[in-house]
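**Q** Please read through the structure below; I'll follow up with questions.
4 protein chains.
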Amino acid sequence: MQSVLKFGMVGGGEGSLIGDIHCRAAMFDRKSVIAAGCFSRDAAKSAATGHKLGIAPDRIYSTYEEMAEKEAGREDRIDFVSIVTPNNSHYAIAKTFLQHGFHVVCDKPLTIEQSEAKELERIAERNGLLFCVTYTYSGYPMVKQARELVRHGELGDLITVMAEYPQEWVLNAERASWRMDASQGKSCCVADIGVHIAHTVSYMTGLKIESLCADMQSYGTLMELDNNANILVKYEGGATGVYWCSQVAAGSKNGLKVRLFGTKGSLEWEQERPDELRLSVKGKPLQLLSRGRDALYPGAAAFNRLPGGHPEGLYEAFSNIYSAFCSDVSGLLQGKGADPNADYPRIGEGIDGVRFIDKCLESAHDGSRWVQVAEA
Amino acid sequence: MQSVLKFGMVGGGEGSLIGDIHCRAAMFDRKSVIAAGCFSRDAAKSAATGHKLGIAPDRIYSTYEEMAEKEAGREDRIDFVSIVTPNNSHYAIAKTFLQHGFHVVCDKPLTIEQSEAKELERIAERNGLLFCVTYTYSGYPMVKQARELVRHGELGDLITVMAEYPQEWVLNAERASWRMDASQGKSCCVADIGVHIAHTVSYMTGLKIESLCADMQSYGTLMELDNNANILVKYEGGATGVYWCSQVAAGSKNGLKVRLFGTKGSLEWEQERPDELRLSVKGKPLQLLSRGRDALYPGAAAFNRLPGGHPEGLYEAFSNIYSAFCSDVSGLLQGKGADPNADYPRIGEGIDGVRFIDKCLESAHDGSRWVQVAEA
Amino acid sequence: MQSVLKFGMVGGGEGSLIGDIHCRAAMFDRKSVIAAGCFSRDAAKSAATGHKLGIAPDRIYSTYEEMAEKEAGREDRIDFVSIVTPNNSHYAIAKTFLQHGFHVVCDKPLTIEQSEAKELERIAERNGLLFCVTYTYSGYPMVKQARELVRHGELGDLITVMAEYPQEWVLNAERASWRMDASQGKSCCVADIGVHIAHTVSYMTGLKIESLCADMQSYGTLMELDNNANILVKYEGGATGVYWCSQVAAGSKNGLKVRLFGTKGSLEWEQERPDELRLSVKGKPLQLLSRGRDALYPGAAAFNRLPGGHPEGLYEAFSNIYSAFCSDVSGLLQGKGADPNADYPRIGEGIDGVRFIDKCLESAHDGSRWVQVAEA
Amino acid sequence: MQSVLKFGMVGGGEGSLIGDIHCRAAMFDRKSVIAAGCFSRDAAKSAATGHKLGIAPDRIYSTYEEMAEKEAGREDRIDFVSIVTPNNSHYAIAKTFLQHGFHVVCDKPLTIEQSEAKELERIAERNGLLFCVTYTYSGYPMVKQARELVRHGELGDLITVMAEYPQEWVLNAERASWRMDASQGKSCCVADIGVHIAHTVSYMTGLKIESLCADMQSYGTLMELDNNANILVKYEGGATGVYWCSQVAAGSKNGLKVRLFGTKGSLEWEQERPDELRLSVKGKPLQLLSRGRDALYPGAAAFNRLPGGHPEGLYEAFSNIYSAFCSDVSGLLQGKGADPNADYPRIGEGIDGVRFIDKCLESAHDGSRWVQVAEA
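Those protein sequences? They're chains A, B, C and D, same order as listed. Counting in our numbering, the first sequence runs from 12 upward without gaps. Counting in our numbering, the second sequence runs from 12 upward without gaps. Counting in our numbering, the third sequence runs from 12 upward without gaps. Counting in our numbering, the fourth sequence runs from 12 upward without gaps.
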């Protein structure tokens, strides 16, 4: 039997939604429990959050450096750390914990620079550590089913991909939030949600982007970074795609949607109705696959929790990622070795995301010309 | 600050979906943690489940009587018990725990007989104990928003109610499961899901059923109990309604849907898309209210967890019920007294459900004649 | 080749929507052309409408009696008459034209009294005349496909039927229109739209109603007749059903919807999305059949006009009824005899509708008790 | 009162769907009636079609040149001609009829070359003739309502436009049909349906395309012309857009869909549900506008035919275009002059379509680089 892992968190102080989600997700399947944390650079706030989470006072830290060092010295040390801080701090924190021998879960985008992401990969590999990047949407069972349908050839050869992720929050923002602030990174919209498009498509299809052409805009005043991007994509092998992400699309909540069109069929998945998958097979009526009701491939069925018609949502999808990661960590700790097929997003996918952002910026800043994405 | 409560569970051994749901829901908001349990009449199975949940061996019990007695004698005794056993055992178990001074959470339908349900109510009242009946769907924020819209007069006077709950599982069952077995109760479909219709409508509208006319059927072979029921309803005050529940409705997963029509507007809520509410106000275009995006009344907003477009599902709705119940128990333990407005379903609603089942059976068994439901 | 028939119209003066629809529908497929009419009891209004329609002045009549008589005497007499007057005049007008040897198209409900409807049937049979009752919705290709699916056993044995037809217009009416006026008939809502439910279900399934229990209401002031009805139905053979029709259902436009549940599958058709049919077959994912795209049975495909994705609507459905009727009339005129399988609603279906209304009233007026519908 | 116009048709022989649609649409509102035609280059086929349509034998022609000449000489000559032949013949036919003094209705795309289109414009202007290009979708009332909402500022300043038109028929084609044959034109997908996207967006918004970047593909074997195109667009004034058209999108029927996002709100219209418009206004719940039910601006309401909930479809939309055109022709004939605001697509819009196709080809053939569209 798998024992319960202990984890620590960096970031996620009071009022942090994403910290709270990580924390609940990590514990939902009882595979890990929080045991330490540095929730805020403000010691009092950190302590308050830690207290609420029932963490022993001596394991609530004021700096992540102290946390990494002290935890590394404990017999009952944490097994992994979850990093939920602003994007531009991921690199330094992840590096520190990897150097102290901890497995890492880190939110996306992984880092600001590709070089940073690759350095983290090298350290993790050298130290034999597991590294998960929480691309949320790959945790949904029907996204996994989409991947299985592609893998099993149900759509034939892919022809074109339509993927989008519109939101509206920037329209309602009085002024630019930190996410729109250029000191926090090089991109807002593509970095925040564009990478989800790129990852979800890549996860479902295995397609590699060969080149892209990005038209990035920043509508409104005081907006230093992009809040809308229209992107044409060419994949290796000849398929094409269109990606659209926006934070100024009135009426859009969290509209990630992926449509894959192949020579034998097509499918559609919408994040706001995550339990459904629309599948069209040439010559047959459109089918509406339903999680928990219809037969799923084992790779998707393994992550189904509830019978059909009982909705699952974001917490459950996030828990699926933690669940797969924790099982992999446990296997490693028990000497079974890491499972290369364990179904959670790896650091390589994190690097791809950072590269995708960079290439979009490179294209957009040079008149939206086509740029090569595949590495020579 | 609210301290974390301890609870025990009766039922919910391995493979029990509903037990697992209760357990996760009770702990999701960190307001209670499992500390004891009698998960199965089979001691080995009970021990296995308890071990998995991390319960101390001396608090894993073979009988609920032993559990009630021993827990009552501990200094660190559980604060409440959750009962997730088959329906015909609810009464005896709940009674035992109430008599030992424990607050109770019990699944629906509360009991087989109305007299049993009323006896539980008397004991709970006499002992000053809180009693929650887990009518799942009242935990959804948009069901609460529906209730608020009615309360605030947005629909005007209610004219008619259309409510349904179709499922299909009995069609696929090789043979009658225990739920279709007459030794387990007097009704299958109405008792299992018809009560959810009655409760959700009552919760949203406050309407009291004056009389009803039920046509209950048992399609298929070896089916001892009803698996479909068509019910006409008259409410006190003149509104009318139609309830339909079925377990033989091919293609239906978990289709609870309530539509309320009033003199000023109407609304519609579907369990399979719980984050939405369709609202029609006379003279205005149809509106699609979205949890997390659109303004909700405080009574609904208090239960919202995620921003718009990030789906919430069954676990979260169930957690909302436990969350409200736990807060009420904590308040009582801290000497603040119980909160009559705490938003979780009470034992009175459990009694109403049992009465509803009885009245449907009374009508159906007598040629589907109209029977009085309101008590004289 | 089929020659173009000539028809006359009674009713349908300026501002009459239903008259206009009949007129366009009758001519849409160039199988008949309007040649005479008595559009209003007001001679000037009748003349104005006839002029607009390009009818020769001597064939625009002031009374239907004159029209029947004079047209009967012409060499180029009309082949059939379309009756689109208020319900309580259908009987006298239809009788007159039948007696003068004209085939008849009449709007629903056919008559006020069953005896009248049966008398019309006798005269038509005696005179060898064709009689079409325009139950609109049976003209939609996907309704025909539903019928074929049932006929071919795709749903197995029918278990239960859920059918509804909510509208909202009475809520918005300043005061009762003529339809709510008891001098015009015995029922408003059931007579106007309830009969559409009964006919559409009967058309799709062939089920005969054995008994029913109707709760009819008249909400609001000055409403003499019913504007909402909740009806339980038992069919011959054991299936059951629920019919709901309403004219006070806020937010409902023209919401006819039929769902059929059988032992092997179910289907759903909604009038407001007439080109779709949701089909669920046991053990398979839900299918969305699409007119013009997916394979239809010949009986439905024969009425398809446009490729998939190009919407057809009310005019086309109505034209389908006229088209089948005109072809039958032409065949008769050409000496081929009438086609018993020609797919348009017959006078027998008109009689069934009047009987359905009567039986609902009989039940509702006697405490909503169950009444026998099937004739002994 | 408007008299009934006479029109002739070129093309539309038996089996021609588009010819049949034009013919029914032109006559639906009784504003014009067919009086002459050259339906096929095969005289026998032309005669058969003409006979079926009830045209006098001497007005059924074997060549369009003969038809133009002879009709021009008749006292009862046709008022306008409808051209429904393959695209590469539009220019010669239209020119001939314009030169003989006939008003023209022509299907899209107007011509193969921009120079041809502009020449037609010059001749029409010089001769004072009206010229309508049947961009079907602009005939739908809710498309007109979309335009009115934009005009009235309900969406604020437009930020971005997402428009698509996927079909699947090429996937199912055994081999390339004439539309895929390079001898018929320079483009298949963009010319056939891409122009509908460009026109519908332009009609709704008034936006002018400044530059575009088109990635056009031809999937499959034996496909000489494009069957998929992904296009980035920049409009004058700063808004951007994405257009996607495809004939190889499995499961897509006729999926024209336009979404407009502005600073104050957004809207969405889908051709397959033409009676609806989704409108999102900042800070308000999403609204579902319904044709026939909800208040429309006069420019849209004028084209509404049926009460809410009674579907209208393609025939009715097409009829709306003919109706506006016929009224304009009648006004001109009655000496009132042409109405510059008459709501039907003009030759200028036809020219824009041809230019759009050319510019897409220019971009695609040169590595999908950005090309200027706006004329200097």
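Virtual Cβ for every residue (Gly too), placed ideally from N, Cα, C.
Is the separation between the beta-carbon of C:E287 and that of C:K268 shorter than 8 angstroms?
**A** no
**Q** For D:P285, count neighbouring C-beta atoms within 10 Å of its own C-beta (all shown protein chains included) and say buried if the count is 16 or more, exposed if not.
**A** buried
**Q** Consider the Cβ of D:F8: report whether some Cβ of chain A lies at a distance smaller than 8 angstroms.
**A** Because residue 8 of chain D is not part of the residues shown, which for chain D are 12 to 387, the question remains open.
**Q** May I ask you to report which of helix, strand or coil DSSP gives C:Q383?
**A** strand
**Q** Among residues of its own chain, excluding the 5 on either side of D:L28, which ones have a beta-carbon nearer than 7 angstroms to its beta-carbon?
**A** none
**Q** What is the DSSP secondary structure of A:L267, counted as helix, strand or coil?
**A** coil
**Q** Please list, in chain order, all residues of the same chain as D:A385 whose beta carbon is under 8 angstroms from its beta carbon, the five residues on each side excluded.
**A** K219, I220, E221, S222, E247
**Q** Going by C-alpha distance, which of B:R70, B:G364, B:V259 is nearest B:H210?
**A** B:G364
**Q** For C:G266, go through chain D and note every residue whose CB falls closer than 9 angstroms to its CB, in chain order.
**A** G320
**Q** Less than 8 angstroms between CB atoms is the rule here; does C:M12 satisfy it with respect to chain B?
**A** Its pLDDT being 47, under 50, C:M12 is placed unreliably in this model, and the value from its coordinates should be taken loosely. Not an interface residue.
**Q** What does D:Y102 touch in chain C if you count any residue whose Cβ is under 9 angstroms from its own?
**A** Result: empty, since nearest Cβ-Cβ is about 27 angstroms, beyond 9 angstroms.
**Q** In this structure, what does DSSP give as the bridge partners for C:A311?
**A** C:A311 is not bridged to any residue.
**Q** For a contact defined as C-beta to C-beta under 7 angstroms, what are the partners of A:L300 on chain C?
**A** P296
**Q** Whole angstroms are fine: how far does the CA of B:F272 sit from the CA of B:N315?
**A** Cα-Cα distance, rounded: 25 angstroms.
**Q** Hey, would you say D:A193 sits closer than 8 angstroms to D:E127, going by beta carbons?
**A** Here D:A193 is not near D:E127, since their CB atoms are 8 angstroms or more apart.
**Q** Distance, Cα to Cα, D:D226 vs D:D237?
**A** 10 angstroms
**Q** Looking only at C-alpha atoms, which of D:Q125, D:C117, D:A157 sits nearest to D:C142?
**A** The amino acid occupying residue 142 of chain D in the given sequence is Phe; Cys does not appear at that position. The shortest C-alpha separation from D:F142 is found at D:C117.
**Q** Is B:D350 buried or exposed, if buried means 16 or more other CB atoms sit within 10 Å of its CB?
**A** exposed
**Q** Less than 8 angstroms between CB atoms is the rule here; does A:R35 satisfy it with respect to chain B?
**A** yes
**Q** According to DSSP, is B:H114 helix, strand or coil?
**A** It is a strand residue.
**Q** Counting only the same chain and skipping the five closest in sequence on each side, list residues whose C-beta sits under 8 angstroms from that of D:R380.
**A** C224, S374
**Q** Cβ of C:A328 within 8 angstroms of Cβ of C:Y151?
**A** It is a contact, given that the beta carbons lie within the stated cut-off.
**Q** DSSP three-state label for B:C34, please.
**A** Helix, per DSSP.
**Q** Pull out every residue of the region 199-230 of chain C whose Cβ sits closer than 7 angstroms to any Cβ of chain B, in chain order.
**A** C224, D226, Q228, Y230
**Q** Does the distance from the C-beta atom of B:T60 to that of B:E25 stay below 8 angstroms?
**A** yes
**Q** Can you tell me the Cβ-Cβ gap for B:Y230 and B:I208, rounded? I've got them flagged as a contact below 8 angstroms.
**A** Actually they are not in contact, since the Cβ atoms of B:Y230 and B:I208 sit about 19 angstroms apart, beyond 8 angstroms.
**Q** Measuring only between beta-carbons, confirm whether D:D389 sits less than 8 angstroms from chain B.
**A** Beyond the ends of chain D as shown, which are 12 and 387, falls residue 389 of chain D; an answer cannot be given.
**Q** Determine contact between the region 103-116 of chain D and the region 248-256 of chain D, defined as no fewer than three beta-carbon pairs at a distance below 8 angstroms.
**A** no
**Q** Of all the beta strand (DSSP E) runs that stay within the bounds of the region 132-220 of chain D, which reach a length of 3 or more residues?
**A** 142-144, 169-177
**Q** DSSP on A:T74, reduced to helix/strand/coil?
**A** coil
**Q** Which residue comes first and which comes last in the beta strand (DSSP E) that contains A:S355?
**A** The sequence given here has Tyr at residue 355 of chain A, not Ser. That residue, A:Y355, is in no beta strand (DSSP E); it is neither H nor E in DSSP.
**Q** According to a CB-to-CB cut-off of less than 7 angstroms, which residues of the region 321-337 of chain A neighbour chain B?
**A** Listed by position along the chain: H321, P322, E323, G324, L325, Y326, E327.
**Q** Report the neighbours of A:R304 on chain B: residues whose CB is nearer than 7 angstroms to its CB, in chain order.
**A** K264
**Q** Answer with yes or no whether the minimum CB distance from B:L236 to chain C is below 8 angstroms.
**A** no
**Q** Taking A:E283 as the query, report the chain B residues whose CB atoms sit under 7 angstroms from its CB, ordered along the chain.
**A** G320, P322
**Q** Residues of chain A with CB under 7 angstroms from D:M173, in chain order?
**A** Going along chain A in sequence order, the residues near D:M173 (Cβ under 7 angstroms) are W255.
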